[in-house]
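Everything on this sheet refers to the single structure shown next.
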Amino acid sequence: MQGFYLRMTLKTTATPSTMDDEHARHNRETEARIKQDVAEYGYHMGLIADDGYQPGFAYTIGLWETYQHPEVIIIGLRQEAMVGILTNLGQEISKGKRYEAGATYEGVIDRYEITSVSVNPDNYPYYMGYGMWYYKGRDYPAVQLVWPDLEAHWPWEEDFNPKTRFSQPLLDRNMDFKFKEERNLGVFTTHHVLDGKPVLHVFHNENGDWQFHSEDAPQSQDGRVVSLEQMLKLDPTLNEIFYLNYGYSASRDEVDGPWVLYEPEPELNNRPGRKTKSKWHNKLFPKRK
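Numbered according to our numbering, the sequence shown spans residues 16 to 304.
Below is the structure:
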């Protein structure tokens with residue numbers, strides 16, 4: 016039972032992009048593996064690695080079809096721990112045990128209770144994309160296992176360890192603010208955006224700064240600093256790219272259009288990568304010290 020998970024890349028409908036041959040082949044192989052595992056074991060386990068910005072996670076596909084049990088996702092622990100937890104849960108669920116939202120359970124993690132919350136289906140495209148493929152949409156339930164900090168505080172409690180606050184996004188809430196930052200974080204934009212022009216270009220700097228612009232080449236004299244929460248109130252669709260990694264940029268042709276993501280240029284991070292297609296190379300503001 017230990018070998019029926021696959022280290023997958025994200026399959027998401029949130030950011031459509033041109034799929035090259037390698038990506039298409041990966042999808043075909045993964046989809047075949049999912050069907051095989053569900054038929055043989057009752058479910059498949061997908062594992063998404065930590066990318067240096069967003070935490071890693073693991074989730075099931077097939078529990079609902081096989082056992083009429085909600086699919087299960089867990090976020091932010093070590094990969095081997097998440098695989099072990101979901102493997103043990105899968106075995107228990109196959110014997111009839113239920114893990115319901117709002118209940119607490121012992122024995123899942125050594126010395127600690129865990130609880131669970133219902134996953135908002137609006138989060139499926141970002142976390143459970145292959146589940147959406149398997150069920151042909153969002154018409155299936157899922158629960159998120161929620162773990163406490165080392166002092167047994169839950170993430171929604173005031174005393175929860177702030178160092179792990181963003182390691183475990185809660186998928187039943189905060190749909191108006193998905194970013195892994197504080198709401199009052201200062202971000203860079205221009206007066207054009209504040210005056211009503213649409214945000215068409217977003218950049219997540221290597222040092223963590225965010226920029227939101229309406230122009231390809233914004234001018235420094237037009238710069239403004241506002242809170243991230245204010246930006247999301249101006250344009251809630253910016254939540255669609257909350258996962259944008261350090262050094263990556265995103266652009267779209269219009270507010271309702273799909274985001275196209277661009278990798279960092281090799282000279283920016285000293286690692287291989289495709290050069291961005293965007294003309295937006297110059298930063299509006301210098302990096303913070």
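C-beta atoms are modelled at their ideal positions from N, C-alpha and C, and glycine is treated no differently.
Keep in mind it's a predicted model, so treat the numbers as computed, not measured.
Endpoints, the alpha helix (DSSP H) within which residue i is located
i: H168; result: Per DSSP, H168 belongs to no alpha helix (DSSP H) and is neither H nor E.
i: A64; result: Note, A64: premise wrong, no alpha helix (DSSP H); not H, not E.
i: W336; result: Past the boundaries of the shown model lies residue 336; the chain is included only from 16 to 304, so the question cannot be answered.
i: V134; result: Taken as a continuous stretch (DSSP letters only), V134 belongs to no alpha helix (DSSP H), as it is neither H nor E.
i: V214; result: That residue, V214, is in no alpha helix (DSSP H); it is neither H nor E in DSSP.
i: T45; result: D36 to Y56
i: M190; result: Element bounds for M190: n/a, residue is neither H nor E.
Limits of the beta strand (DSSP E) - the one that residue i falls within
i: A96; result: Element bounds for A96: not the beta strand (DSSP E) but the alpha helix (DSSP H), Q94 to S109.
i: E305; result: There is simply no residue 305 to check, as the chain begins at 16 and stops at 304 in what is shown.
i: L276; result: V275 to Y277
i: A265; result: S264 to S266
i: V241; result: G238 to S242
Other residues of its chain near residue i: CB distance less than 8 Å, five sequence neighbours each side excluded
i: G57; result: G77, L78, T81, Y82, G105 and S109
i: S266; result: L215, H216, V217, W274, V275, Y277, S293 and W295
i: R180; result: P170
Proximity of residue i and residue j at Cβ, strictly below 8 Å
i: S182; j: H207; result: no
i: P170; j: L185; result: yes
i: G132; j: V161; result: Strictly speaking, residue 132 in this sequence is Val, with Gly absent from that position. For V132 and V161, yes; Cβs fall inside 8 Å.
i: Y155; j: T45; result: no
i: Y114; j: V87; result: yes
Three-way DSSP call (helix, strand, coil) for residue i in this model
i: G117; result: coil
i: W225; result: strand
i: R153; result: coil
i: A73; result: strand
i: L200; result: coil
i: Y127; result: strand
i: L160; result: strand
i: Y142; result: helix
Residue from the options with nearest C-alpha to residue i
i: Y68; options: S266, V158, G91 and V241; result: G91
i: I63; options: N260, A157, M143 and D268; result: M143
i: K248; options: D36, K193 and A47; result: K193
i: P273; options: R48, I256 and Q236; result: I256
i: K151; options: Q159, Y139 and V158; result: Y139
Contacting residues, own chain, Cβ-Cβ under 7 Å from residue i (five flanking each side not counted)
i: Y258; result: Q69 and Y141
i: R198; result: F192, S242, L243 and E244
i: H116; result: Looking at the sequence shown, residue 116 is not His but Ala. The answer, listed in chain order, is S131, V132, S133 and V158.
Near the ligand ZN: residue i beta-carbon under 7 Å from a heavy atom
i: V275; result: Summarising the ligand content, the structure contains no ligands, and the ligand ZN is consequently not present.
Own chain residues within Cβ distance below 6 Å of residue i, not counting five before or after
i: P163; result: Y127 and W169
i: D65; result: G71
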